[in-house]
Amino acid sequence: MIRVQALEKSYKDLKVLRGVDFEVARGSIFALLGSNGAGKTTVVRILSTLLTADAGSAGVNGFDVAAQAARVRESISLTGQFAAVDEILTGRENLVLVARLRHLKDPRKIADDLLDRFSLTDAGGRKVATYSGGMRRRLDIAMSLIGDPPVIFLDEPTTGLDPEARIEVWQAVRELAARGTTVLLTTQYLDEAEHLADRIAILHEGRIIVNGTLAELKQLLPPAKVEYVEKQPTLEDVFLTLVGKDKR
Amino acid sequence: MTRHFFGDTGTLLGRSLRHITRSMDTIITTTVMPIMFMLLFVYVFGGAIQSGSDSYVTYLLPGILLITVASGISYTAYRLFLDMQSGIFERFQSMPIARSAVLWAHVLTSLVANLISLVVVVVVALIMGFRSSAGIGAWLGVAGLVMLFTLALTWLAVIPGLTAKTIDGASAFSYPLVFLPFLSSAFVPTDTMPGPVRAFAENQPVTSIVNTIRDLFAQQPVGGEVWVAVAWCAGLLVVAYAFAMTTYRRRIS
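Residue numbers (UniProt numbering), protein chains in the order written: chain A, 1 to 248; chain B, 1 to 253.
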């Protein structure tokens with residue numbers, strides 16, 4: 001569903017991506033894990049046609065992001081790092097706006113259905129400026145679902161959210177995948193990847209240094225230290241060992 | 001340009017117009033400065049200025065209209081900057097829409113917002129004693145020229161809107177534009193100015209636009225100056241549009 005091969009991107013002298021390869025299967029949740037500045041957002045921006053790669057290729061839903069950008073945009077939805085909502089409009093107006101821009105029939109009905117699905121019906125008539133962080137993010141994700149795009153990119157969807165709002169977002173992501181949507185998620189929170197993802201890839205210094213299921217990743221380490229035989233290594237251990245940093 | 005260009009521009013225009021109607025203060029603040037200038041020049045300096053005109057407010061209004069536009073277009077940069085910052089610009093760009101509709105919606109919104117501000121300023125001028133015998137045709141001529149000027153300056157405003165790093169940077173570019181009319185025939189006739197200043201004043205765009213509007217209001221024949229005015233506006237429009245689109249393409253590639 002998503003196929004990335006030998007992707008490279010530099011900003012002036014800074015090489016952000018140095019040959020990134022991965023594939024995401026239809027209907028799965030794929031987590032791209034990495035520290036700040038690892039290049040996660042750059043990958044998402046290239047896949048969502050906001051940025052062109054220097055080398056390599058990327059395809060989404062069978063369309064090449066460089067040559068068939070318009071077709072790619074029909075297949076995706078992007079939920080960026082910051083909730084991209086219009087503060088001055090109401091929640092309902094935000095949804096209607098996106099539905100109109102996607103040229104769908106009956107934008108009002110679509111808006112009402114999504115407000116209901118994301119428990120925003122009561123707040124639907126209020127300006128988004130009055131929303132809490134969690135409500136904004138829910139609205140943001142609801143806006144991304146309009147038109148049922150087969151692929152959704154979520155770039156650090158829970159950064160800056162309180163634990164409760166985080167769990168709400170996780171719930172929404174799980175529901176998406178259950179409906180068959182392919183989700184590419186970037187995160188710097190290890191437990192987020194651990195809870196949500198079918199497959200996890202770690203992006204470090206511009207390369208994917210490991211890619212597998214949580215179980216596979218755990219097997220990369222010796223099965224725990226002698227003193228702690230009962231404790232399996234957590235994903236946090238795997239991550240920090242692989243990127244070569246001491247824990248704390 | 002895709003088949004949805006007009007539909008998408010219309011949808012996004014509806015969005016920006018809501019921004020304006022929900023923050024009428026942006027229109028009010030746009031008109032405050034030109035109205036203050038008008039009060040100051042008519043009631044404080046006006047008595048001592050030899051404009052060669054019976055009514056100084058009538059002499060002054062064309063320049064004040066241009067100041068109104070120059071201060072109004074900074075809101076286009078401001079709104080565009082906020083869209084860039086909030087990520088909604090990227091959301092639109094990653095959707096299957098006519099991408100340039102995002103910019104056009106802001107530009108058309110600027111025309112509407114400035115038109116409202118201009119009407120407010122003209123009403124205040126009427127209260128202060130501005131009178132014109134101009135007919136419909138002359139008024140349409142004034143409106144057309146001022147809108148062309150607005151369109152050109154708005155495309156200029158798109159550039160800082162796309163590139164600014166801070167909110168102050170996004171709007172600061174308009175200050176020199178606001179003061180350009182002072183170095184023109186807008187407030188005083190140019191013939192009392194010393195040589196180099198006079199040369200600048202007589203050959204910068206504001207003077208030809210102001211003189212043309214003044215002639216239209218006074219029902220005088222506009223002569224060749226109207227073509228100089230239109231050429232300045234059209235030239236600025238072409239250059240600003242080209243730079244804005246180049247900047248825009250760089251932002252989205």
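Beta carbons are placed, not taken as given, at the ideal position from N, Cα and C, and that holds for glycine.
Bear in mind that the values here come from a model prediction, so they are computed numbers and not experimental data.
Query raised in the report: For lysine 247 of chain A, which three-state DSSP category applies?
Result: Looking up residue 247 of chain A in the first sequence gives position 247. Only weak support is given to the placement of lysine 247 of chain A: the predicted model assigns it a pLDDT of 45, under 50, and the value that follows is read from those uncertain coordinates. Note: lysine 247 of chain A maps to coil in three-state DSSP.
Query raised in the report: If you scan the segment 44-113 of chain A from start to end, which runs of the beta strand (DSSP E) of 3 or more residues do you find wholly inside it?
Result: 55-60, 76-79
Query - CB of residue 254 of chain A within 8 Å of CB of alanine 123 of chain A, strictly - result: Nothing in the structure corresponds to residue 254 of chain A, since chain A is present only between 1 and 248.
Query raised in the report: Do you know how far the Cα of isoleucine 202 of chain A is from the Cα of leucine 33 of chain A?
Result: If you number the first sequence from 1, residue 33 of chain A lands on position 33. If you number the first sequence from 1, residue 202 of chain A lands on position 202. Cα to Cα, the separation comes out at about 5 Å.
Query - Meets three-Cβ-pair contact criterion under 8 Å: the segment 148-157 of chain A and the segment 119-135 of chain A - result: no
Report task. Would you mind telling me which residues of chain B sit closer than 8 Å to glycine 80 of chain A, beta carbon to beta carbon, in chain order? Result -> Sequence index remark: in the first sequence, residue 80 of chain A carries index 80 (1-based). Near glycine 80 of chain A (Cβ distances below 8 Å), the residues of chain B are Gly87, Glu90, Arg91.
Query raised in the report: Could one say the Cβ of aspartate 8 of chain B lies closer than 8 Å to chain A's Cβ atoms, at least one of them?
Result: Counting from one through the second sequence, the residue named residue 8 of chain B turns up at place 8. Judged by the 8 Å Cβ criterion, aspartate 8 of chain B is in contact with chain A.
Query raised in the report: Taking the Cβ atom as the reference point for each residue, do serine 144 of chain A and leucine 185 of chain A lie within a distance shorter than 8 Å?
Result: Mapped onto the first sequence, residue 144 of chain A falls at position 144. Mapped onto the first sequence, residue 185 of chain A falls at position 185. Not in contact: serine 144 of chain A and leucine 185 of chain A (Cβ atoms no closer than 8 Å).
Query raised in the report: Should leucine 77 of chain B and phenylalanine 179 of chain B be called a contact, given that it needs their Cβ atoms to be closer than 8 Å?
Result: Numbered from 1 along the second sequence, position 77 holds the residue referred to as residue 77 of chain B. Numbered from 1 along the second sequence, position 179 holds the residue referred to as residue 179 of chain B. The identity of residue 77 of chain B in the sequence shown is alanine, whereas the question assumes leucine. Result no, Cβ atoms of alanine 77 of chain B and phenylalanine 179 of chain B do not sit closer than 8 Å.
Requested in this report: Label alanine 231 of chain B either buried or exposed according to how many other C-beta atoms from any shown protein chain fall within 10 Å of its C-beta, with 16 as the threshold for buried.
Outcome: Taking the first residue of the second sequence as 1, we reach residue 231 of chain B at position 231. Burial call: exposed.
Report task. Hey, could you find the ends of the beta strand (DSSP E) asparagine 211 of chain A is sitting in? Result -> Here residue 211 of chain A corresponds to residue number 211 of the first sequence, with the count starting at 1. First-last of the beta strand (DSSP E) with asparagine 211 of chain A: 207-212.
Query raised in the report: CA-CA distance, methionine 95 of chain B and leucine 240 of chain A?
Result: Working through the second sequence from its first residue, we reach residue 95 of chain B at position 95. Working through the first sequence from its first residue, we reach residue 240 of chain A at position 240. Going from the Cα of methionine 95 of chain B to the Cα of leucine 240 of chain A covers about 36 Å.
**Report entry** Close-in-space but distant-in-sequence residues of the same chain around threonine 246 of chain B (CB under 7 Å, 5 per side omitted)
**Finding:** The residue you call residue 246 of chain B lines up with position 246 of the second sequence. Result list for threonine 246 of chain B: empty, nothing under 7 Å.
Query raised in the report: Taking Cβ-Cβ distances below 9 Å as the criterion, which residues of the segment 42-54 of chain A are in contact with chain B?
Result: Arg45, Ser48, Thr49, Leu50, Leu51, Thr52
Report task. Could you tell me the boundaries of the alpha helix (DSSP H) in which arginine 91 of chain B lies? Result -> The count along the second sequence starts at 1 and reaches residue 91 of chain B at position 91. That run of the alpha helix (DSSP H) goes 88-93.
Query raised in the report: For the beta strand (DSSP E) that contains histidine 204 of chain A, what are its first and last residues?
Result: For the purposes of this step, residue 204 of chain A is taken as the residue at position 204 of the first sequence. Note, histidine 204 of chain A: beta strand (DSSP E), 199-204.
Query raised in the report: Taking the beta strand (DSSP E) that tyrosine 11 of chain A falls in, what are its first and last residues?
Result: Translated into the one-based positions of the first sequence, residue 11 of chain A becomes position 11. First-last of the beta strand (DSSP E) with tyrosine 11 of chain A: 2-11.
Query - Euclidean distance between Cα positions of leucine 101 of chain A and glycine 10 of chain B - result: Taking the first residue of the first sequence as position 1, residue 101 of chain A is located at position 101. Taking the first residue of the second sequence as position 1, residue 10 of chain B is located at position 10. When rounded, the distance between both Cα atoms is 10 Å.
Report task. Given a cut-off of 8 Å, decide if leucine 7 of chain A and valine 43 of chain A are closer than it, judged by their beta-carbon atoms. Result -> If you number the first sequence from 1, residue 43 of chain A lands on position 43. If you number the first sequence from 1, residue 7 of chain A lands on position 7. Yes.
Requested in this report: At 7 Å on the CB atoms, spell out the chain B contacts of serine 204 of chain A, in chain order.
Outcome: The residue labelled residue 204 of chain A in the question sits at position 204 within the first sequence. Looking at the sequence shown, residue 204 of chain A is not serine but histidine. Correct list: empty, because the minimum Cβ distance to chain B is about 25 Å.
Query raised in the report: What's the C-alpha gap between glycine 72 of chain B and alanine 177 of chain A?
Result: To locate residue 72 of chain B, count along the second sequence from 1; it is residue 72. To locate residue 177 of chain A, count along the first sequence from 1; it is residue 177. Rounded to the nearest angstrom, the two C-alpha atoms are 47 Å apart.
Report task. Please determine if the segment 23-31 of chain A and the segment 183-198 of chain A are in contact, where contact requires at least 3 C-beta pairs separated by less than 8 Å. Result -> yes
Query - isoleucine 252 of chain B at chain A interface by Cβ criterion, 8 Å - result: Translated into positions along the second sequence, residue 252 of chain B becomes position 252. For isoleucine 252 of chain B, the answer is yes, since a Cβ of chain A falls inside 8 Å of its Cβ.
Query raised in the report: Using a beta-carbon distance below 8 Å, is arginine 102 of chain A in contact with chain B?
Result: Numbered from 1 along the first sequence, position 102 holds the residue referred to as residue 102 of chain A. Closer than 8 Å: yes.
Query raised in the report: Taking the continuous alpha helix (DSSP H) assigned at threonine 182 of chain A, which residues delimit it?
Result: The residue given as residue 182 of chain A occupies position 182 in the first sequence. Taken as a continuous stretch (DSSP letters only), threonine 182 of chain A belongs to no alpha helix (DSSP H), being part of the beta strand (DSSP E) at 182-187.
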